[in-house]
Each structure stands twice: as C-alpha cells, then as structure tokens.
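Each remark here refers to the structure printed beneath this line.
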Amino acid sequence: MKAILVSIIIGFNYFIGFYYGFVQVIYTLMLTIALVVILRHLNRIRYAPFRDLEKRSEMPPVSIIIPARNESEVIIRSIESSLTMNYPGLEVIVVNDGSTDGMLDMLISHYSLQRIDPLYRDLIKTRPVRGFYCTSKIPNLLIVDKENGGKADAINCAINVCRSPYVCVQDADSVLEKDALIRLATPLVQSEVPVIACGGVVRVLNGTKQEGNVVTSIELPRRSTLACFQIVEYLRSFLFGRVGLDAMNCNLVISGAFSFFQKAALLNIGGFATDNVAEDMELIVRMHRHYRLKRIPYRIRFISDPICWTEVPETFRMLGRQRRRWHLGMIQTVWKHKSLIFNPRYGQIGLFAMPYTVFVEMISPLLEFLGYIVIPLSYFFGLINADYFLLFLALAIAYGVFLSTMGIFLEEITFRRYTKWSDLFKLLLYGVLENIGYRQLNSFWRFQAFFQFLFGRIKWENVKKKGDSPSQMRVSTVHSES
Amino acid sequence: MTISQLFLISFIIFIFFLILTSIMASICRRVWNKRRYEKLDLLRELLRPALRDSIATGSIDAFTRDTKIPAGSLKWEALEQILLEMCEGVEQKTETLKLFQALGYVQYYQKQLSGRSSSIKLSATADKLGKIGDPSAIPFLVQLLQHKESEVVTVAFRSLCRIGSTEALSGVLTALPALLKGGKVTAKAIQTSLLLFGPWAGEPFLKYAAHKDDPEVLSVMIETLIAYPISPEMFQFALSRLSHPNAEVRAKALKLLARHDMRQASFPYNPQIFQPLLKDPVWYVRLQLARTIETLRCDQYIEMLKKLVLDRQWQVRDAATASLINTGEESIDAFLELLETEDRFAKEGISEAVQRTGYKTRLIEWLGGVDLQQKFKALRMMTMMDRAGFPTPMREAIEAGCIGPELSKELAEVPQTGGAV
C-alpha cells in the first residue's frame with residue numbers, strides 16, 4: 014500500500030514537471046507570436062486612418078453602455094468621459110441596476126433629467142424596467158432605471174433599448190481615452206470579414222492623475238504594492254497573452270470593462286448570459302460557437318492601442334474575491350461549452366483555444382497549488398532529491414520572472430506609458446517580486462474557485478475598490494443579489 | 418552531478434540570461450529613444466524656422482542646395498516631419514511639394530516602393546507618398562491597386578485619393594469596379610477615402626456614376642455624393658435611380674435626396690415619383706422614403722407618412738413617426754388620427770417619439786396656452802397617450818398647472834397606468 018502511495022506521489026511529481034514544461038512552451042510560443050504581431054501592429058498604426066475617420070459621419074453609430082450599481086462616486090466621471098469621445102455618432106446609455114446609494118437621484122439632479130415612457134422591446138428578456146430618463150441638453154444620453162438583475166442583465170437591457178448597430182460596453186469605474194473608440198471601430202470599416210466583437214487594452218487607473226475625465230499623468234501608485242503587482246500582471250496579460258491569441262483568432266475573452274460588439278451578433282446569440290459570473294468570457298465563447306456552427310465568416314479582434322483605464326482592488330480580500338470570480342466564471346464557461354473541446358467542427362477554437370483554456374489557464378492553479386503542497390512534502394519524506402526540488406523551484410520562479418520582464422519590455426518597445434525612470438525600475442522590480450508570494454496567492458484564490466464551483470457556491474462576489482474619495486470604499490461593478 | 422541536473426542548471430542560467438537581456442533591452446531602449454527624440458526635437462527646432470524663412474523669401478533652391486541630407490538619417494526624418502506638417506496647410510502645399518522633390522524624398526520613396534515586398538513596408542511607403550501628394554507617384558500607386566494584399570490596396574487607394582489630382586481620380590475610378598468585385602477594399606473604406614478628393618470631384622463622380630449600372634459601384638458612388646455640393650444634375654440623377662432594380666441603390670438614391678439642403682434648393686420634380694416606393698418590398702427603402710419625403714415636403718407627404726407609420730416593419734414606423742415630429746405643428750392632426758387607430762405598435766411608437774424628441778414640451782405649452790383648438794388637441798393627445806400606457810406628459814402637465822380643476826376632474830377618470838414597467 015505504502016509502495017503504491019509512494020509511486021503515486023513520485024508520478025505526480027513527474028507529471029507536475031512535464032506539465033510545467035508544456036505550459037512554458039505554450040507561453041513562449043505566444044510570447045514570440047505577440048512580439049512579432051505587436052511590432053507589426055505598431056507599424057500599421059503609422060498609416061491607420063484614425064484622423065480621417067474620427068469626424069466622418071459615415072462611421073457607424075455606436076451606443077456606449079454603462080451598467081452601474083451603487084457607483085454614485087464615479088458615474089459622472091464615466092459618463093463625461095464617454096460623452097467627450099472623439100467619435101462622430103455616439104449615444105450613451107447608463108443602466109442603473111437597482112442602486113441603493115442614491116445614484117439615480119444624483120444623476121437626475123446633475124443632468125436635470127426628465128422621465129419618459131419609451132416603448133421597451135425586451136428582445137432579450139431582462140428584469141423589469143422602472144423608468145427611462147433623458148434631458149434635452151444632452152440628447153444622446155439616456156438613463157435606464159431597472160430592478161437589480163446583475164451586470165449581464167443590465168447590459169442586455171441596454172441592448173434592447175439602444176438603436177445603434179454597434180455597442181461598446183464600459184464599466185462604470187473606467188475611463189476611456191478620447192480616441193479609444195475610433196481606434197476600436199476602424200477595423201470594422203477596413204475588415205473584409207465582419208468584425209462582430211473587439212476589445213482593447215485595459216490599464217490600471219490607480220496612481221494616475223486625472224483632470225476632469227481625462228487621464229493626464231501616468232505614474233505607478235505610491236501607496237499600493239498590490240496595485241503595482243496588478244499593473245505588471247495586466248501588461249503581461251494584455252500585451253502578450255491576448256495579442257498572441259488574437260493572431261490565431263482564438264481570443265476567448267474580451268474584457269468586460271471595455272468591449273465593442275455588433276448589436277446584431279449579440280441579438281443572434283441572445284445577449285449576455287445572466288447565470289455566469291464572468292459573462293464577458295461566456296459571451297465570446299458562445300459567439301465563436303454560434304458563428305462556427307452556422308459557418309458564418311466572422312472575426313473577434315483584440316487591438317492593442319485603444320485604452321481603457323480601470324480601477325483595481327487595493328486590498329487582499331477584494332483582490333481575492335475578484336480573482337475567485339474570474340476563475341469561477343472561466344470554469345463555468347468551460348463546463349457549459351465542454352463539447353467544443355477537441356471538437357474539429359469548431360476549427361482552431363475547438364482544437365486550440367478551448368484546450369488551451371482548460372489545460373493551461375483553468376487547471377494550472379489546481380496543479381500549481383497541489384504542487385506547492387505535494388512537492389515540499391515529497392522532499393521532506395525523502396521521496397525526491399533535494400537538489401531537484403530546489404532546481405525545479407528556481408526554474409519555476411525564473412521563468413515567471415522572465416515572462417513578467419518580457420511583458421514590461423513589450424510595454425517599453427510599444428506604448429511606454431510609464432515615462433519616469435523610477436517607474437520603469439519599479440516595474441522591473443515588481444516583475445521579479447510578483448513571482449514570490451503574489452503569484453502563489455493568486456493560485457490559491459483561483460484554486461478556491463474550484464471548490465465554489467463543485468459545491469455550487471456560484472454567486473457574484475462584491476468587489477470594493479478605492480473610489481475618488483479616499484475615505485470611502487464603494488461596491489464596484491454591477492452585481493446580483495440573487 | 419547528473420546530466421539532468423546539469424541540464425536544469427544550464428536551463429536556469431539561460432533563463433537568467435534572458436531575464437537580464439530583457440531588463441537591459443528595456444533600459445537600453447529607453448535610453449536610445451530618449452536620445453533619439455531629444456535629437457529629433459532639436460533638429461526640428463533648428464530646421465523649422467530655416468524652412469519657413471526659405472519659403473517666405475522664395476529661396477527654396479538655396480535651401481535645398483545648402484541642405485544635403487543622407488536618406489534615412491535623423492535629419493531626414495525631422496525635415497520630413499516638418500514638411501508633412503506644412504503640407505496640411507493649403508497655402509504652403511506647392512512649396513512643400515517642391516521641397517519634397519528637391520530634397521529627394523519623392524524619388525526615395527518611389528524607389529522604395531519598387532524594391533519592397535513586405536505588405537507593411539509597402540503600405541507605409543504608399544501612405545507617405547499620398548501624404549507628400551506628388552502626382553509623379555500616381556503610376557506607382559495605381560500599380561499597387563493590383564496587389565494581392567488588401568491592406569496594401571486600401572492604403573494605395575487612400576493615398577491616390579489624398580493626392581487628389583485628375584490623374585489620381587481617373588486611376589481610382591478605373592480600378593473601382595474590380596476592387597469592389599474582388600472585395601479587396603471595403604465599401605466604407607472606399608467611400609471615406611473618395612471624400613479626400615475634395616469638393617471639385619463631385620462633378621466627375623456624378624458623371625462616372627451616371628454611366629454605371631453595377632449596383633455595388635452605384636451604391637458607393639451615391640453614398641459618396643452625399644458629401645458633395647448639390648446640383649440639379651445630382652438631383653435628377655438621384656430621382657432616376659429610384660426605379661433601379663437593386664434595393665440598395667434605391668435606398669441610397671433616397672438618402673441622397675434626403676440631404677438637408679435639398680429642400681432649400683427646391684429642384685423641380687414629379688411629386689408622384691415617390692408613390693410606388695410606399696409599397697417597396699424592401700423595408701429599408703421604405704424607411705429611407707420616410708426621411709426623404711419629410712425633407713422634400715413633397716405633395717401629400719403627411720398622408721404618405723401616415724401610411725408609413727402603420728408599416729409592418731418597426732424601423733419604418735419609427736422613422737416615419739420621427740419625420741412626422743419634424744414637420745412640426747401640422748403633424749398633430751395626423752398623430753390624433755393615428756392614435757385613434759387599432760394599431761397598438763403605431764400608438765406606442767408615436768407616444769415614445771413625442772416624449773423623446775421634446776414634442777411633449779410643446780404639447781404642455783399648448784395646453785397652458787390660449788388657443789382653444791390647440792389646447793383641445795393637446796389634451797386629447799395626452800389622454801390617448803396616457804391610455805396607451807405613456808402617462809408622464811399628462812402628469813407633468815398637471816404638475817405644471819396647465820390643467821384647470823374642471824379638466825382635472827375629467828382626467829381623474831382616465832386610468833393612470835405605468836408605461837415602462
């Protein structure tokens with residue numbers, strides 16, 4: 014019996030070793046692809062016709078959707094940021110998803126809103142709508158007041174209401190750069206294959222300085238180490254993870270904080286799913302599934318130069334909640350669409366994107382966390398050689414550091430937003446430190462998501478982020494009370 | 418030490434080497450960029466006044482004779498940036514073009530075009546030639562329209578449009594049918610690029626479109642013409658395309674007629690020409706018709722809009738309602754008549770449009786006014802809207818004190834149902 018147990022443990026150690034090697038090979042491949050693609054994209058930006066298009070009435074009208082619940086501290090900033098975008102035909106729809114902090118009253122008084130009773134066609138079923146508000150001063154602003162139903166429900170409601178052929182979903186705690194929308198919409202005009210969804214880069218708002226609704230100075234947050242770790246993480250994720258996947262038309266996630274969709278495509282698939290805690294990922298997978306099954310040509314794009322600034326959590330508790338939710342959403346999505354995995358009918362989505370998500374993104378925290386327990390135990394019980402144990406640990410940390418520093422290098426050769434020398438050195442330092450402690454903590458939170466999934470504790474965990482007023486914490490993003 | 422341990426150690430050392438390389442690369446890149454941009458800024462500061470002076474004093478030849486710049490150097494880049502900035506101003510266009518030629522930029526990029534194979538490099542060079550605007554680049558750019566990469570073709574097309582000469586126009590229009598057929602450039606990209614030609618191109622575009630029957634070409638050309646100054650020929654051309662067998666062409670022709678300046682121009686036409694389109698089988702033609710007849714205010718346009726408000730397609734109903742709202746006071750009788758019908762969708766559509774567009778403010782004003790007829794009509798309309806589940810205007814009118822006690826009593830019997838929920 015003991016011999017079998019020992020064999021299993023040794024086998025597990027080998028498995029972890031091979032799995033780790035396999036994951037790193039995949040990451041290296043993606044990094045190489047991203048490096049080539051991003052440099053090519055930068056060259057393309059030089060002759061992209063943004064300036065020609067930004068004032069053209071020929072550009073398709075776009076509705077910016079801002080789902081919001083209890084966002085009274087930041088909602089005005091978000092609305093103003095959306096209304097002042099460099100884009101010719103814009104409509105802004107704010108959905109108050111049953112706020113309890115007086116957000117609606119504040120909006121009514123700030124914009125002198127008047128109630129109207131428009132015809133509500135619930136093409137996608139949502140929780141009841143309580144009222145619509147508009148103002149003659151800003152004819153392209155509409156506020157919808159509805160019962161709480163979650164972020165997905167609020168977005169679906171806005172899809173029902175909006176009249177534009179394209180919608181851009183923005184989180185209430187995010188700020189878009191002025192030309193973010195025109196940069197996102199340009200592929201629509203130029204692509205021969207219909208672009209049904211596209212997303213841009215999400216960057217960390219913490220630490221930046223803003224004037225009105227514009228980010229004027231970009232610096233690393235001084236007080237929050239956790240926010241700095243997340244900056245490195247976001248750079249790595251957006252500058253090489255998604256760029257690499259986009260090159261293969263395999264992106265399964267477009268960040269919910271900033272995404273752009275063809276309205277007809279959203280209606281074709283029945284809008285956002287309200288039963289998933291990571292509705293953005295589930296939607297994209299469903300889009301791939303629908304269009305591939307129907308054999309309709311389509312593209313889902315990730316573009317690396319339109320930028321949306323968003324706040325990130327600054328406490329371990331809130332960050333843990335966020336990461337658990339993201340991972341839980343991924344597990345839910347994979348489970349729901351498991352028939353796609355290794356299914357040649359879905360092309361590269363079935364043969365690469367879904368297996369990559371399952372075997373690299375989804376189960377990695379599970380194996381990593383188990384590895385953190387089993388490998389040291391194996392060492393203490395003398396089942397593995399101490400030298401191998403230490404060498405393997407060093408290799409794991411070194412490769413993590415390499416990926417982080419490469420993310421920073423990509424930022425340096427591309428957008429160079431953190432202009433201070435001290436910020437560059439700090440970023441590099443955080444890129445190293447991130448792999449000692451922070452990464453392991455992240456794995457633990459993501460590991461917890463498996464328990465939540467297995468024991469049916471599937472609910473949206475509220476994430477409080479630091480608002481504009483430092484004395485107050487607020488509940489960010491829309492969440493369901495159900 | 419075993420071989421596998423040695424292998425692991427060497428792999429770790431290799432990764433550390435990669436980490437150091439990426440860190441050093443980040444730092445070196447920043448240092449290099451900082452120096453480069455400092456030099457560029459300095460060169461621009463030095464060259465800009467010298468260049469301006471030479472243009473102002475007419476001594477371009479002396480400037481080019483004294484300025485010998487190796488192609489691709491920083492100075493070359495700085496000068497190019499200044500010249501491109503100057504190019505954007507109409508007054509200095511001729512001088513900057515002369516400078517581009519004399520300093521060898523045009524020849525350099527033309528040579529680059531023939532030697533390059535990467536689609537990004539070709540596109541970047543084509544874009545530069547378009548921005549420089551030298552007509553001698555036209556044959557090179559026209560040749561690029563045959564390229565297999567759609568990216569290159571799109572940029573070459575835009576550059577030709579940016580150059581904006583008659584030769585460029587001819588090159589672009591000759592290639593247009595094949596480009597649309599081959600799907601190498603999207604219709605939207607063509608349309609936004611064609612506008613770069615400027616106002617003078619309206620007439621040749623119209624002549625070109627008048628001789629074309631290909632629906633794809635016609636649609637793009639009609640859509641482009643919308644941005645050009647109106648003329649009787651343009652108006653007649655649009656009218657003549659209303660009976661085209663292709664629905665998109667019919668819709669685009671209606672869109673061209675719906676330009677806001679068409680009503681003021683008041684070109685003569687047969688008012689019956691729009692009648693057959695009321696029964697057009699394609700909904701977006703009817704939708705566009707609703708907008709056009711409101712713009713032109715043709716004979717019986719209110720009657721026609723009333724028919725369109727009862728259309729089976731909601732988009733058409735909404736467009737017709739919006740058009741009726743735009744017609745102003747005269748629409749109230751039409752609305753009252755439509756609100757009396759059994760068509761629930763039409764009633765709801767009207768009620769919504771009345772609120773969204775601010776027409777309700779006008780209704781409340783009428784209700785509080787002295788004109789009894791208007792007062793009665795406004796009250797009737799609000800009552801019907803309330804019955805259709807749109808009570809807000811009525812509530813607001815009561816709050817504003819527009820409704821006296823005798824009317825309020827009468828209104829109390831009207832069911833106050835919620836609209837949105």
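Sequence lines, in order, name chains A and B.
So in our numbering, spot 378 of the first sequence is number 391, and the numbers just go up one at a time.
So in our numbering, spot 210 of the second sequence is number 627, and the numbers just go up one at a time.
Even for Gly, the Cβ is constructed at its ideal location relative to N, Cα and C.
- In the same chain as L396 of chain A, and ignoring 5 residues on each side of it, the C-beta atoms closer than 7 Å to its own belong to V19, I22, I23, in chain order.
- For Y146 of chain A, the enclosing beta strand (DSSP E) has its first and last residue at 142 to 147.
- The three-state reading of DSSP puts D118 of chain A in helix, counting H, G and I together.
- Chain A has no Cβ within less than 8 Å of the Cβ of S582 of chain B.
- Per the DSSP secondary-structure output, R128 of chain A pairs in a beta bridge with A:Y146.
- Pairing F807 of chain B with D130 of chain A gives a Cβ-Cβ distance under 8 Å.
- When the Cα atoms are used, T774 of chain B and G225 of chain A turn out to be separated by approximately 29 Å.
- Within a 10 Å sphere around the beta-carbon of Y443 of chain A sit 16 or more other beta-carbons, which makes this residue buried.
- About 21 Å separates the CB atoms of E759 of chain B and I719 of chain B; that is not less than 8 Å, and the two are not in contact.
- Positions of the alpha helix (DSSP H) runs, each at least 4 residues long and wholly inside the region 159 to 235 of chain A, are given as 164 to 174, 193 to 203 in order along the chain.
- Here C321 of chain A is bridged, per DSSP, to A:L189, A:V215.
- The alpha carbon of R69 of chain A has as its nearest neighbour, out of B:I472, B:I607, B:K456, the alpha carbon of B:I607.
- In the three-state reduction of the DSSP assignment, Q275 of chain A falls in the strand class.
- Within the region 144 to 161 of chain A, contact with chain B at the beta-carbon level (separation under 8 Å) is assigned to G144, F145, C147, S149.
- Between F691 of chain B and I710 of chain B, the CB-CB gap stays under 8 Å.
- Within 10 angstroms of the beta-carbon of C445 of chain B lie fewer than 16 other beta-carbons, which makes it exposed.
- Assignment of L154 of chain A by DSSP, reduced to helix, strand and coil, places it in the strand class.
- Neighbours of E232 of chain A across chain B, judged by C-beta separation under 7 Å, do not exist; the nearest C-beta is about 16 Å away.
- Taken in chain order, the whole alpha helix (DSSP H) runs of length 4 or more contained in the region 477 to 544 of chain B are 477 to 483, 491 to 504, 510 to 519, 522 to 532.
- Annotation: R308 of chain A to R235 of chain A spans about 51 Å, alpha carbon to alpha carbon.
- Residues of chain B with a Cβ closer than 7 Å to the Cβ of M419 of chain A are, in chain order, S439.
- Looking only at A:R196, A:A407, A:R143, the smallest Cα-Cα distance to I449 of chain A is reached by A:A407.
- None of the residues of the region 483 to 499 of chain B has a beta carbon lying less than 9 Å from any beta carbon of chain A.
- Judged by DSSP in its simplified three-state form, I267 of chain A adopts coil rather than helix or strand.
- In terms of beta-carbon proximity, T809 of chain B lines the interface with chain A, with at least one pair separated by less than 8 Å.
- Judged by beta-carbon spacing, L126 of chain A lies beyond the 8 Å limit of I79 of chain A, meaning their Cβ atoms are not closer than that value.
- A direct Cα-to-Cα measurement between D630 of chain B and L500 of chain B gives close to 42 Å.
- In the same chain as A61 of chain A, and ignoring 5 residues on each side of it, the C-beta atoms closer than 7 Å to its own belong to T199, in chain order.
- Note that the region 556 to 566 of chain B touches the region 519 to 537 of chain B; at least 3 beta-carbon pairs, one per stretch, sit closer than 8 Å.
- In summary, the residues of the region 560 to 575 of chain B whose CB is separated from some CB of chain A by less than 7 Å are S567, T571, V572, R575, in the order they occur in the chain.
- For A736 of chain B, the uninterrupted alpha helix (DSSP H) segment begins and ends at 731 to 743.
- When C-beta distances to chain A are compared with 9 Å, the residues of the region 593 to 614 of chain B below that value are G600, K601, V602, T603, K605, A606, Q608, T609, S610, L612, L613, in chain order.
- Residue-level contact by beta carbon fails for F557 of chain B and chain A, as no gap is shorter than 8 Å.
- Within the region 286 to 333 of chain A, the runs of alpha helix (DSSP H) that reach at least 4 residues and sit entirely inside it are, in chain order, 292 to 306.
- The residues Y625, in chain order, have a CB closer than 7 Å to that of L590 of chain B in the same chain once the five nearest residues on each side in sequence are set aside.
- Note that the C-beta distance between R128 of chain A and T800 of chain B is not below 8 Å.
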